[in-house]
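Student: Residues 1 to 311 (the working numbering) make up the first sequence, in order. We treat Cβ as the ideally placed atom computed from N, Cα and C, and that holds for glycine. One structure follows; several queries about it will come next.
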Amino acid sequence: MPELPEVETIARGLARRVTGDVVDSVWLGQKKEPLKSTASEIVGALEQRRIAGVRRMGKHIVFDLERSSMARAPSPAKGWGFKKVPASGAKLTQASSALDAEAGQGARPTQSPPKAQWIVHLGMTGRLQVCEAQAEIEKHTHAILRLASGRELRFVDPRRFGRLSVSADFDAGGIEPLDIDLERFVALFCGRKTPIKSALLNQKLLRGVGNIYADESLFRAGIRPRRRASSITREQLERLFIAVKEVLKEAIALGGSSISDYVDDDGKEGFFQLQHRVYAREGEACLVCGSPIKRIVIGGRSSHYCAKCQK
DNA sequence: AATGAAACCTGACAGC
DNA sequence: TGCTGTCAGGTTTCAT
Numbered sequence: 001m002p003e004l005p006e007v008e009t010i011a012r013g014l015a016r017r018v019t020g021d022v023v024d025s026v027w028l029g030q031k032k033e034p035l036k037s038t039a040s041e042i043v044g045a046l047e048q049r050r051i052a053g054v055r056r057m058g059k060h061i062v063f064d065l066e067r068s069s070m071a072r073a074p075s076p077a078k079g080w081g082f083k084k085v086p087a088s089g090a091k092l093t094q095a096s097s098a099l100d101a102e103a104g105q106g107a108r109p110t111q112s113p114p115k116a117q118w119i120v121h122l123g124m125t126g127r128l129q130v131c132e133a134q135a136e137i138e139k140h141t142h143a144i145l146r147l148a149s150g151r152e153l154r155f156v157d158p159r160r161f162g163r164l165s166v167s168a169d170f171d172a173g174g175i176e177p178l179d180i181d182l183e184r185f186v187a188l189f190c191g192r193k194t195p196i197k198s199a200l201l202n203q204k205l206l207r208g209v210g211n212i213y214a215d216e217s218l219f220r221a222g223i224r225p226r227r228r229a230s231s232i233t234r235e236q237l238e239r240l241f242i243a244v245k246e247v248l249k250e251a252i253a254l255g256g257s258s259i260s261d262y263v264d265d266d267g268k269e270g271f272f273q274l275q276h277r278v279y280a281r282e283g284e285a286c287l288v289c290g291s292p293i294k295r296i297v298i299g300g301r302s303s304h305y306c307a308k309c310q311k
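Take a look at the structure:
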């Protein structure tokens with residue numbers, strides 16, 4: 001569900017709320033889909049680390065971790081007595097199995113600790129909650145980080161398209177659409193026979209643009225989503241370049257779009273959906289010319305456009 | 001190499 | 001009420 005503006009909103013909210021806190025212990029559910037790294041890699045990278053910051057890369061949320069100054073004894077292996085086991089039937093996992101594997105064994109007295117990052121991709125339905133430890137555990141909760149402040153950071157994801165991993169130097173691939181310059185933007189689409197809509201969704205080119213903002217950007221640029229990327233004129237690409245940045249910035253300013261289940265970490269909804277000009281408006285009148293908005297499928301994704309305004 | 005279709009999951013909603 | 005079919009803001013995998 002979340003695209004760049006939603007992930008940016010969520011990352012900013014998390015940065016405000018959990019930066020400086022320390023991960024005391026980690027619980028992971030039994031479903032395997034959400035984990036891209038092994039459970040022990042994730043637990044080992046997170047436990048007893050201080051959250052130095054939270055930021056966005058493409059649609060990924062990156063937690064920068066550093067060794068906690070107040071490193072304590074490893075948390076008790078028995079875990080922390082859950083009041084209610086999530087409906088999925090998950091159980092407690094190893095608490096500190098691979099704790100500090102790289103630092104404890106190497107015995108290298110260097111003072112530059114290895115970088116550690118916790119990477120979260122929300123997929124379609126993923127959410128990160130910051131809540132009190134006693135708050136009820138929602139169905140589809142796949143990970144819980146108990147924080148030294150007494151709160152918990154929880155990953156909830158019904159559809160399980162989200163992914164958790166740890167890394168030392170994560171690279172999301174692609175280029176940030178808000179940072180790219182015109183020449184590099186134009187070069188991305190050069191010689192590509194794929195529809196421009198599909199190229200915009202390709203995270204190896206631009207990272208962070210998703211279905212809503214691709215449609216909205218193409219509408220503002222006056223380009224039909226099925227046009228071959230290579231067939232688009234320089235002038236149109238310049239308009240698209242501006243439109244993509246404009247749409248993303250406006251959406252971030254409004255806290256993202258929320259249509260059904262997206263809410264930010266405070267539980268507040270974004271408001272950009274009120275600005276949608278084509279997305280999810282099939283059959284409704286184009287706000288510019290009044291023609292009915294069309295919906296077609298491109299690369300398996302529904303695509304909305306105005307046949308009169310977009311060529 | 002690039003493109004497109006299918007697969008991966010659950011939940012919400014419309015229609016019968 | 002309950003069943004069926006469709007759809008969903010994303011990515012990966014597997015044939016062409």
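#1: Please report the residue range of the alpha helix (DSSP H) in which residue 194 lies.
#2: Which residues in the same chain have their Cβ closer than 6 Å to the Cβ of residue 204, if we skip the five residues on either side of it in sequence?
#3: Three-state secondary structure (DSSP) at residue 53?
#4: Applying the 10 Å Cβ sphere with the 16-neighbour rule, what's the burial state of residue 33?
#5: Could you check the C-alpha separation between residue 54 and residue 168 for me, to the nearest Å?
#6: From what residue to what residue does the beta strand (DSSP E) around residue 155 run?
#7: So, is residue 141 buried or exposed, given that buried needs 16 or more other C-beta atoms within 10 angstroms?
#8: Candidates 26, 119, 258: which alpha carbon is nearest residue 125's?
#9: Could you tell me which residues DSSP puts in a beta bridge with residue 305?
#10: Given that a residue counts as buried once 16 or more other Cβ atoms are within 10 Å of its Cβ, and exposed if not, what is residue 190?
#11: Rank 178, 184, 229, 273 by C-alpha distance to the C-alpha of residue 197 and give the top, closest one.
#12: Going by alpha carbons, who is nearest to residue 139 out of 148, 294, 155, 133?
#13: What does the alpha-carbon distance come out to for the pair residue 100 and residue 38?
#14: With three or more beta-carbon pairs closer than 8 Å as the criterion, would you say the segment 175–189 touches the segment 275–282?
#15: Spell out a yes or no on whether the segment 48–64 and the segment 14–24 are touching, meaning 3 or more CB-CB pairs, one atom from each, closer than 8 Å.
#16: Out of 247, 245, 271, 246, which one is the CA nearest neighbour of residue 256?
#17: Measuring CA to CA, which of 133, 151, 160 is closest to residue 127?
#18: Pick out the complete alpha helix (DSSP H) segments inside the segment 206–241, 4 residues or longer, and give them in chain order.
#19: Does the beta-carbon distance from residue 162 to residue 59 come in below 7 Å?
#20: Spatial neighbours of residue 148 within its chain, please: CB distance less than 7 Å, with the 5 preceding and 5 following residues excluded, ordered by chain position.
#21: Determine which residues share a DSSP beta bridge with residue 180 and list them.
#22: Output the boundary residues of the beta strand (DSSP E) element that contains residue 125.
#23: Do residue 239 and residue 195 have their beta-carbon atoms positioned less than 7 Å apart in this structure?
#24: Can you tell me the Cα-Cα spacing of residue 134 and residue 118, whole angstroms?
#25: Taking only the alpha-carbon atoms, compute the straight-line gap between residue 334 and residue 16 and give it to the nearest angstrom.
#26: Spatial neighbours of residue 298 within its chain, please: C-beta separation below 8 Å, excluding the five flanking residues on both sides.
#27: Should residue 9 go down as buried or exposed, given a rule of 16 or more other Cβ atoms within 10 Å for buried?
#28: Mapping the DSSP letters down to three states, classify residue 63 as helix, strand or coil.
#29: What are the boundary residues of the alpha helix (DSSP H) that residue 42 is part of?
#30: Return helix, strand or coil for residue 4, following the three-state DSSP convention.
#31: Give me the Cβ distance between residue 284 and residue 247, rounded to the nearest whole Å; I'm assuming they're in contact under 8 Å.
Tutor: From the atom records:
#1: For the purposes of this step, residue 194 is identified with residue 194 of the first sequence, where counting begins at 1. No alpha helix (DSSP H) holds residue 194; DSSP gives it neither H nor E.
#2: Mapped onto the first sequence, residue 204 falls at position 204. Within the same chain, residue 204 has close Cβ partners 173, 174.
#3: In the first sequence, the residue the question calls residue 53 occupies position 53. In the structure shown, residue 53 sits in a strand (DSSP, three-state: E or B).
#4: The residue labelled residue 33 in the question sits at position 33 within the first sequence. Exposed: under 16 other Cβ atoms inside 10 Å.
#5: As a position in the first sequence, residue 54 is number 54, starting the count at 1. As a position in the first sequence, residue 168 is number 168, starting the count at 1. Computed Cα separation, rounded: 15 Å.
#6: Here residue 155 refers to the residue found at position 155 of the first sequence. Residues 151–156.
#7: For the purposes of this step, residue 141 is identified with residue 141 of the first sequence, where counting begins at 1. By the beta-carbon neighbour count (other beta carbons within 10 angstroms, threshold 16), residue 141 is buried.
#8: Mapped onto the first sequence, residue 125 falls at position 125. Cα-wise, what sits closest to residue 125 is 258.
#9: Your numbering for residue 305 matches position 305 in the first sequence. DSSP lists 294 as partners of residue 305.
#10: Taking the first sequence and counting its residues from 1, the one referred to as residue 190 is at position 190. Classification for residue 190: exposed.
#11: Within the first sequence, numbered from 1, the residue matching residue 197 stands at position 197. Residue 229 is the option with its Cα nearest to residue 197.
#12: By one-based count along the first sequence, residue 139 stands at place 139. It is 155.
#13: Stepping through the first sequence from its first residue, residue 100 is reached at position 100. Stepping through the first sequence from its first residue, residue 38 is reached at position 38. Summary for residue 100: the model assigns pLDDT 38, below 50, so the residue's position carries little reliability; its value from the coordinates is reported in the next sentence. Residue 100 and residue 38 have their C-alpha atoms some 14 Å from each other.
#14: no
#15: yes
#16: As a first step, residue 256 must be located in the first sequence, where it is residue number 256. The candidate whose alpha carbon is nearest that of residue 256 is 271.
#17: One-based indexing of the first sequence puts residue 127 at position 127. Here the closest residue by C-alpha is 160.
#18: 211–221
#19: Within the first sequence, the letter at position 162 stands for residue 162. Within the first sequence, the letter at position 59 stands for residue 59. Not closer than 7 Å, so no.
#20: Start at 1 with the first residue of the first sequence, and residue 148 comes out as number 148. Once the five neighbours on either side are set aside, the close Cβ partners of residue 148 are 21, 22, 24.
#21: Numbered from its first residue, the first sequence carries residue 180 at position 180. Its beta-bridge partners do not exist; DSSP assigns none.
#22: Looking up residue 125 in the first sequence gives position 125. For residue 125, no beta strand (DSSP E) run applies, since DSSP gives it neither H nor E.
#23: Along the first sequence, one-based indexing puts residue 195 at 195. Along the first sequence, one-based indexing puts residue 239 at 239. Going by C-beta atoms, residue 195 is not nearer than 7 Å to residue 239.
#24: Counting from 1 along the first sequence, the entry for residue 134 is found at position 134. Counting from 1 along the first sequence, the entry for residue 118 is found at position 118. Their backbone Cα atoms lie some 24 Å apart in a straight line.
#25: Since the first residue shown for the chain is 1 and the last is 311, residue 334 is missing from the structure and cannot be characterised.
#26: Locating residue 298 in the first sequence gives position 298, where the first residue counts as 1. Excluding sequence neighbours, residue 298 sits near 195, 197, 198, 225, 226.
#27: Here the question's residue 9 lines up with position 9 in the first sequence. Around the beta carbon of residue 9, a 10 Å sphere encloses 16 or more other beta carbons of the protein chains shown; the residue is thus reported as buried.
#28: As a working mapping, residue 63 is identified with position 63 in the first sequence. Residue state, collapsed to three classes: strand.
#29: Taking the first residue of the first sequence as 1, we reach residue 42 at position 42. Run containing residue 42: 39–46, per the alpha helix (DSSP H) assignment.
#30: Position 4 of the first sequence, counting from 1, holds the residue named residue 4. If DSSP states are grouped into helix, strand and coil, residue 4 belongs with the helices.
#31: Looking up residue 284 in the first sequence gives position 284. Looking up residue 247 in the first sequence gives position 247. Going by Cβ atoms, the distance from residue 284 to residue 247 rounds to 19 Å, so no, they are not a contact pair.
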